[in-house]
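Okay, so here's the structure we're looking at.
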Amino acid sequence: MVKIIMHGCNGKMGQVISGLIAADPDMELVAGIDARDDGHNPYPVFTDIYKCDVAADAIIDFSAAVAVDKLLDYCVEKKLPCVLCTTGLSEAQLAKVDEAAKKVAILKSANMSLGINLMLKLLKEAAGVLANAGFDMEIVEKHHNLKVDAPSGTALALADSINEEFNGEYEYVYDRSNRREQRPKKEIGISSVRGGTIVGDHDVIFAGADEVVTFSHTAYSKAVFGKGAVQAAKFLAGKPAGMYNMSDVINAAM
Numbered sequence: 001m002v003k004i005i006m007h008g009c010n011g012k013m014g015q016v017i018s019g020l021i022a023a024d025p026d027m028e029l030v031a032g033i034d035a036r037d038d039g040h041n042p043y044p045v046f047t048d049i050y051k052c053d054v055a056a057d058a059i060i061d062f063s064a065a066v067a068v069d070k071l072l073d074y075c076v077e078k079k080l081p082c083v084l085c086t087t088g089l090s091e092a093q094l095a096k097v098d099e100a101a102k103k104v105a106i107l108k109s110a111n112m113s114l115g116i117n118l119m120l121k122l123l124k125e126a127a128g129v130l131a132n133a134g135f136d137m138e139i140v141e142k143h144h145n146l147k148v149d150a151p152s153g154t155a156l157a158l159a160d161s162i163n164e165e166f167n168g169e170y171e172y173v174y175d176r177s178n179r180r181e182q183r184p185k186k187e188i189g190i191s192s193v194r195g196g197t198i199v200g201d202h203d204v205i206f207a208g209a210d211e212v213v214t215f216s217h218t219a220y221s222k223a224v225f226g227k228g229a230v231q232a233a234k235f236l237a238g239k240p241a242g243m244y245n246m247s248d249v250i251n252a253a254m
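Numbering follows full-length UniProt numbering, in which position 38 of the sequence shown is assigned residue number 38; successive positions increment by one, without gaps.
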């Protein structure tokens with residue numbers, strides 16, 4: 001039985017993950033951390049992480065950047081592995097994550113979806129074959145109309161995965177409206193669509209002469225990110241200090 005503390009338990013993702021763990025016979029959610037406690041959770045909730053004295057095997061974090069520094073200090077002190085899902089961290093916080101990983105196991109990923117992370121792995125192999133055969137590469141990402149950043153962090157992670165195969169030779173292009181020239185070979189176009197309630201849709205297009213190969217991933221709900229975080233926590237429990245990512249979870253399952 002893997003015992004979990006949910007950091008940010010009353011947020012949307014915190015409640016999704018609470019439900020997923022409740023339905024998992026191999027896991028138990030033993031405590032939650034949140035700025036508020038309205039008493040509706042079936043586990044104890046602490047408004048101050050340092051007041052949490054419940055033993056656990058790992059902590060899953062879906063909170064806010066402002067809460068991450070205290071979380072990292074707590075995890076280091078308690079030697080508690082952490083699945084860190086909060087985004088928008090500052091450079092100083094990212095440096096603190098790296099330092100904490102020297103003392104405790106931390107898993108951090110741009111996207112917690114198992115499908116996206118498998119796609120990242122497959123894209124490297126595909127790019128090595130298709131780009132070298134002259135295929136152009138384009139990424140189209142679609143999200144809901146409330147998303148304020150573009151392109152998505154996942155789209156950039158997909159582009160980075162491809163570019164790693166070519167030592168960073170490819171330039172990322174987000175807008176061609178001011179250009180009047182043929183498409184250069186060494187670029188990856190990234191386009192963003194914002195509308196409605198689209199949870200997340202990513203297409204990576206390899207366009208060659210007379211054929212097109214497309215890798216697609218569609219998220220129909222936020223539950224896919226919660227499922228990935230739960231799998232990550234199972235993987236991370238008991239691991240030695242170090243920085244891990246979702247590719248480690250994928251590799252362990254293969």
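For every residue, glycine included, the Cβ atom is placed at its ideal position computed from N, Cα and C.
These figures come from a predicted structure and were not determined experimentally.
For residue i, the nearest candidate out of the options (CA to CA)
| i | options | result |
| --- | --- | --- |
| PRO42 | ASP61, ALA64 and GLY19 | GLY19 |
| ASN245 | ALA133, GLY226, ASP136 and ASN117 | ASN117 |
| GLY128 | LEU114, GLY88, GLU141 and TYR170 | TYR170 |
| VAL16 | MET254, ALA237, VAL230 and ILE33 | VAL230 |
| THR87 | LEU107, LYS70 and SER63 | SER63 |
| VAL45 | ALA55, ILE33 and ASP53 | ILE33 |
| ALA233 | GLY14, ASP57 and VAL148 | ASP57 |
| GLU138 | GLU187, MET243 and LEU80 | GLU187 |
| GLU211 | LEU236, MET243 and GLY134 | GLY134 |
| ASP24 | SER113, GLY226, ILE250 and ALA252 | GLY226 |
Rounded separation between residue i and residue j - CA only
| i | j | result |
| --- | --- | --- |
| LEU146 | ARG194 | 8 angstroms |
| TYR50 | TYR74 | 7 angstroms |
| GLY200 | LYS239 | 31 angstroms |
| GLY39 | ASN111 | 30 angstroms |
| ALA131 | VAL104 | 39 angstroms |
| VAL66 | ALA35 | 11 angstroms |
| THR214 | ARG180 | 26 angstroms |
| ALA159 | TYR174 | 12 angstroms |
| ASP69 | ILE5 | 17 angstroms |
| THR197 | LYS142 | 10 angstroms |
| VAL148 | GLU91 | 20 angstroms |
| ALA22 | LYS3 | 11 angstroms |
Own chain partners of residue i with C-beta closer than 7 angstroms, once the 5 adjacent residues on each side are dropped
| i | result |
| --- | --- |
| ASP136 | ARG183 and ALA207 |
| residue 286 | Look at the range of the chain in this structure, 1 to 254, and you will see that residue 286 is not part of it. |
Cβ neighbours of residue i in the same chain (closer than 8 angstroms, five flanking residues each side left out)
| i | result |
| --- | --- |
| LYS124 | SER161, ILE162, GLU164 and GLU165 |
| ALA241 | ALA101, LYS102, LYS103, VAL104 and ALA105 |
| LEU89 | ALA65, VAL68 and VAL97 |
| GLY153 | THR87, ALA110 and ASN111 |
Same chain only: Cβ atoms within 6 angstroms of residue i, ignoring 5 sequence neighbours per side
| i | result |
| --- | --- |
| LEU72 | LYS96 and ALA100 |
| LYS108 | LEU84 |
| VAL76 | ALA100, LYS103 and VAL104 |
| ALA150 | SER192 |
Pairs of beta-carbons, one from the stretch 215 to 232 and one from the stretch 160 to 172, closer than 8 angstroms: are there three or more? no
Are three or more beta carbon pairs between the stretch 28 to 42 and the stretch 8 to 16 nearer than 8 angstroms? yes
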